[in-house]
Structure formats: structure tokens, C-alpha cells
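Visitor: One structure, as C-alpha cells, below. Some questions next.
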Amino acid sequence: MDLYLFLGILAIPLIFLFWISYFQIWTAGWTPTWKSDAQKIIELANIKEKETIFDLGCGDGRFLLLGAKEGAKTIGIEMDPIRYLISKTRSLLSKNRGKIEVRYGNFFNTQIKKS
Ligand SMILES: C[S@@+](CC[C@H](N)C(=O)[O-])C[C@H]1O[C@@H](n2cnc3c(N)ncnc32)[C@H](O)[C@@H]1O
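Residue numbers (our numbering): 152 to 266.
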């Protein structure tokens, strides 16, 4: 097998392992809220239109989508680039995309306010 092909194939799991370990060990990790629990939380929050919901560490953006469905503006901040991209893509594909904002970065270093 060509050496470069071998190294390329080897690099994929190594990059994946690095991504998993870096964000699982040195940040809060990713333990997404169960969809049914997220739905219940949104119901209990009794969200009104014109309210703004922040999700600090928004993961795949599930709370952003649910909140926007209830009419709120939702803002999520995510520091993991992969989860940020998932969240951003889901927001752009949502029919409530105008109400959802996904910001990339560390929420400790981010201005948490409506833009
Ligand atoms: C336990 S998960 C929760 C995800 C989502 N809010 C949910 O309930 O399904 C925590 C998320 O916060 C992100 N996170 C942890 N520390 C962060 C920080 N300082 N700034 C931005 N995101 C952070 C992690 O990357 C992870 O996606």
C-alpha cells in the first residue's frame, strides 16, 4: 500500500480520537438532553413570543429549534467546531431560521446579549 494512503487512512481515526478526547475531557463534553426532556423543559418554561432564550453550550442546537418553534428568539453559543456546524446547519434548515442565531466560541469570552 502506498505510504501516503496508509498515513491518510491512519490519520482519520486519530483526528476523530483527538476531537472526542479534547472536547470530552477538557470541556464539558457532550451529553445531549433527551429530546423528550428538552420538549418538557420548553413546555414548562412557558415561553412567550418576543422572549429570547440563550443556550450556553448549545450542542446540536436542539433547544434553539424547540424554543424558536414556540416563537422565541434563540441564541446558542458553542465552542466545539463540529457541534457548532451541526447546530448552524440545523438552524439554517429550520423553517424558523430567522429566529435562531448560532455563535461559535467560548461563552466565557463572549458578550451574552442580543445583537
Ligand atoms: C452537556 S452538552 C449540552 C448540549 C445542549 N445544550 C443540550 O442540552 O442538548 C454541553 C455543551 O456545551 C459545550 N460547551 C462547554 N463549555 C463551553 C464553553 N465554555 N463555551 C461554549 N460551549 C461550551 C460543549 O461543547 C457541549 O456541546
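By construction, the Cβ of each residue, glycine as well, lies at the ideal position given by its N, Cα and C atoms.
So for Ile-198, helix, strand or coil by DSSP?
Guide: Three-state DSSP puts Ile-198 in coil, outside helix and strand.
Visitor: Buried or exposed: which applies to Asp-231, given that a residue is buried once 16 or more other Cβ atoms fall within 10 Å of its Cβ?
Guide: So Asp-231 counts as buried.
Visitor: Please determine whether the Cβ atom of Phe-259 lies at a distance below 6 Å from any heavy atom of ligand 1.
Guide: Indeed, a heavy atom of ligand 1 lies less than 6 Å from the Cβ.
Visitor: Could you tell me which whole alpha helix (DSSP H) segments of length 4 or greater appear in the segment 196–258?
Guide: You should have 213–220 and 232–244.
Visitor: Between which two residues does the alpha helix (DSSP H) containing Ala-179 stretch?
Guide: No alpha helix (DSSP H) holds Ala-179; DSSP gives it neither H nor E.
Visitor: Cutting at 6 Å between CB atoms, please list the residues of its own chain near Val-253, excluding the five before and the five after it.
Guide: Answer for Val-253: Gly-227, Ser-238, Lys-239 and Ser-242, listed in chain order.
Visitor: Taking 7 Å as the cut-off, decide whether the C-beta atoms of Trp-234 and Gly-210 are in contact.
Guide: What sits at residue 234 in the sequence shown is Arg, not Trp. Against a cut-off of 7 Å, the Cβ pair of Gly-210 and Arg-234 comes out as a contact.
Visitor: Measure how close the beta-carbons of Ala-223 and Glu-202 come, nearest whole angstrom, since I'm counting them as under 8 Å.
Guide: Contact flag correct, Cβ pair sits at about 5 Å.
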